Amino acid sequence: MDCTSTNLSVGQTGYFSRIILDYLNQSPSLQPFYKHPVSMEGIKAAIQARQSVQPDRNLLVKELQQQYAGVNTSTRVQQNIQQLLQPNTFTITTAHQPAIFTGHLYFIYKIVHVIKLADRLKKEFPDKHFVPVFWMGSEDADLDELGHVYLGDEKLVWDTKQTGAVGRMTTKGLDKLIHRIDGELSVQPHGKELIQLLREAYLESPDIQIATFKLIDALFADYGLIVILPDNANLKKVMEPVFREDLLQQKPAGIVGNTIKQLSLEHKVQASPRDINLFYLKDNIRELIEVKNGRYEVRNTAIHFSEEEILAELHDHPERFSPNVILRGLYQETVLPNIAFIGGGGETAYWLELKGLFDHYNVPFPMLVLRNSFLIVEKKWQEKIHKLGLQSKDFFQSEQQLLTQLVSRHKNGELKLKQELEAAMNVYEQLKNKAAAIDQSLTQHVEALQARTLKPLQELEKKLLRAEKKKYEAEQRQIQAIRTAIFPRNGLQERVDNFMPWYALWGREFIQKVYEHSPTLEQEFIILEEK
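See below:
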């Protein structure tokens, strides 16, 4: 896989929200909502803050060792786990739910980003150690989002009636999808290798979180990536004081609510807190906990508790309490010696709501780094783009904008009436001066005549362009074909496609090339073009 890369600013793509653009531009309106700027100076400050507040490293390492006990992982991962015992070791973390077969491409990109940043920081700070971590959101219950994957134009959906946390679901039924993927991709150079990875992960695991854990480890263990499964009673025990305050006083809702009031003055709010920000998680249910008339009820079930009973349940079974989006990050940062969190646009937006919550519980707020985004352009499409005299980055424009660019370039500006319009404006400027010398009130009449004259000329310019575009029907069809290929379903490739076709084509070199072309703190959009 020989390729080159072109880096764009996120703003050039037109696919990111205003709050993200403002964050990247360090807008003063957002500065109260985060702690560290994305820079080496910010990293230094994040390290200093984390050194003063240490997590329970012994507990973390003990649970990771138990989690990895039955997995034949790499020496580098084992060393990284042991390094976490040292006070000068810090983590760089990303997180995602266990979507089947990893879901969308950005799942891979965010993992590669934490690995690349950790590697860079080891060089920048040789007296410290940095470990890349993937925090699995295995308690998420949104099967509609996590239970499908796109393979080309086909949407493969996992046919299962299971409910509750997706990570706890058995892998029953996924053999049919793997068989379908086998038929499609095994003919590719690395197709059989891919299918073997899927079978070993999904058909030899008791549930989705273990299957996803195995697949990620198979892909990234050589890079030293640690996967952590937070659906864990001992780790959640650390959060008991926070969960208790959420249940009894609804403290997190009040803190985040106050932040949102300020944030919403200029920006759209990404996530809103609930009175209680915990789900009840048991067997095949994950449902919201609500307090009604002094009793705690689990929505859509007959389960209920008195105050005394729910506190006893929390104490005896912390694993049955699952934090929502408001508390998930706090749980992560309480358990890990983390200094930077790498997330997508939506994640970064809701983390900006949480700084006050971290301050309240004296947990260091990490640096928020927008994950790298990629567009992969295969050689066959690259050649077609160049044949049109365009570049891959031009395709972030609309089809009509591209066609206009193409037609205007070929006609060398002949379709533009710029000179004619300027000449007409000069004539009317002279007329206005003459009219004003006679009677100032006449200038308004001249301006009205000017407007009536210039508008038809501007309309004529548009008609000339439309007429010329009709001569470029073949080029338009090519533009449509290219856009459909590299922007599937009219969206970003990374938010639709899965990694499997690329891995089947290029194998582990695909991951390595993404690694090589991944920036660390630049927060950019990368076009990866096959030569």
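Each residue of the sequence shown is one higher than the one before, counting from -14 in our numbering. Don't be surprised by glycine CBs; every beta carbon is placed ideally from N, CA and C. Note that this is a predicted model, so its numbers are computed, not measured.
Report back the beta-carbon spacing between residue i and residue j to the nearest angstrom; my notes put them in contact at under 8 Å.
| i | j | result |
| --- | --- | --- |
| I471 | Q478 | 6 Å |
| V518 | G341 | Residue 518 lies beyond the range of the chain shown here (-14 to 516); nothing can be said about it. |
| K516 | K364 | 7 Å |
| I211 | L49 | 7 Å |
| I193 | G152 | 5 Å |
| T428 | K417 | 5 Å |
Taking the alpha-carbon of residue i as reference, which of the options has the nearest alpha-carbon?
| i | options | result |
| --- | --- | --- |
| S171 | S190, Y488 and Q16 | Y488 |
| F75 | T60, D41, Y91 and Q497 | D41 |
| A196 | L321, F86, K222 and L299 | F86 |
| D216 | Q255, A238 and M224 | M224 |
| P351 | S(-6), R474 and I77 | I77 |
| Q508 | S(-10), E363, G209 and R356 | R356 |
| V116 | A84, I66, M154 and V241 | I66 |
| P349 | I370, F119, V320 and Q376 | V320 |
| N73 | S37, V99 and R462 | S37 |
| F110 | G137, G330, A30 and G122 | A30 |
| H164 | R153, Q147 and L136 | L136 |
| Q68 | S24, E26, F92 and K113 | K113 |
| Y265 | K246, E432, E26 and A126 | A126 |
| A218 | A408, Q181, G88 and P308 | P308 |
| I327 | T(-2), A54, E384 and I100 | I100 |
| E458 | L339, E432, V62 and E384 | E384 |
| D268 | G279, K246 and I288 | I288 |
| K389 | K456, F359 and E368 | In the sequence on display, residue 389 carries Thr and not Lys. T389 has its Cα closest to that of K456, out of K456, F359 and E368. |
| E292 | L434, K177 and L233 | L233 |
| L248 | Y335, G176 and Q181 | Y335 |
| Q173 | E494, R493, P504 and P486 | P486 |
| L250 | L15, R493 and A422 | L15 |
Spatial neighbours of residue i within its chain, please: CB distance less than 6 Å, with the 5 preceding and 5 following residues excluded, ordered by chain position.
| i | result |
| --- | --- |
| L90 | E479, D482 and F484 |
| H252 | I4 |
| L183 | I163 |
| H345 | I240 |
| I437 | According to the sequence provided, residue 437 is Arg. The question's Ile does not apply to it. Excluding positions up to five away in sequence, the list is empty. |
| G(-4) | L6 |
| G176 | L170 and A489 |
| T244 | E338 and G341 |
Would you check if the distance between the CB atom of residue i and the CB atom of residue j is smaller than 8 Å?
| i | j | result |
| --- | --- | --- |
| Q39 | P226 | no |
| V362 | I464 | no |
| T60 | F119 | no |
| I295 | N262 | no |
| L6 | K378 | no |
| I270 | G122 | no |
| L337 | Y19 | yes |
| F306 | L315 | no |
| Q82 | L44 | no |
| T333 | A206 | no |
| L162 | L141 | yes |
| F381 | T145 | no |
| E518 | L373 | The structure shown does not extend to residue 518, since the chain spans only -14 to 516, so no value can be given for it. |
| G330 | S12 | no |
| Y500 | V134 | no |
| Q147 | T156 | no |
| L179 | F198 | no |
| I496 | L204 | yes |
Identify, in the order they occur along the chain, each residue of the same chain with its Cβ nearer than 7 Å to the Cβ of residue i, setting aside the five sequence neighbours on each side.
| i | result |
| --- | --- |
| L159 | I85, W143 and Y187 |
| N397 | With a pLDDT of 46 at N397, under the threshold of 50, the predicted position of this residue should be treated as unreliable, and no value is reported. |
| E275 | I261, E282 and R284 |
| V23 | M352, V354, L506 and Q508 |
| P237 | D231, P258, N262, I311, L312 and L342 |
| H502 | S(-10), I511 and L513 |
| E272 | F264, Y265, V283, R284, N285 and T286 |
| H371 | none |
| Y0 | L477 |
| Q52 | L214 |
Identify, in the order they occur along the chain, each residue of the same chain with its Cβ nearer than 8 Å to the Cβ of residue i, setting aside the five sequence neighbours on each side.
| i | result |
| --- | --- |
| V46 | I66, Q67, L69 and L70 |
| K498 | M(-14), C(-12), W491 and L513 |
| K222 | P303 |
| Q64 | G209 |
| M410 | Q435 and L439 |
Are the C-beta of residue i and some C-beta of chain D separated by less than 8 Å?
| i | result |
| --- | --- |
| S257 | In the structure shown, chain D cannot be found, because there is only a single protein chain. |
Tell me the start and end of each unbroken beta strand (DSSP E) in the region 138 to 207 that is at least 3 residues and wholly inside, in chain order.
Listed in chain order, the beta strand (DSSP E) runs fully inside the region 138 to 207 are 139 to 142, counting runs of at least 3 residues.
Of all the beta strand (DSSP E) runs that stay within the bounds of the region 206 to 256, which reach a length of 3 or more residues?
Fully contained in the region 206 to 256 are the following beta strand (DSSP E) runs of length 3 or more, in chain order: 211 to 213.
Runs of alpha helix (DSSP H) wholly within the region 28 to 114 (minimum 4 residues, chain order)
Segments of the alpha helix (DSSP H) lying fully in the region 28 to 114: 42 to 52, 60 to 68 and 91 to 109.
Which ranges does the alpha helix (DSSP H) cover as unbroken runs of at least 4 residues, wholly within the region 308 to 340, from first to last along the chain?
Taking only runs of at least 4 residues, the alpha helix (DSSP H) segments lying wholly in the region 308 to 340 are 310 to 320 and 330 to 336.
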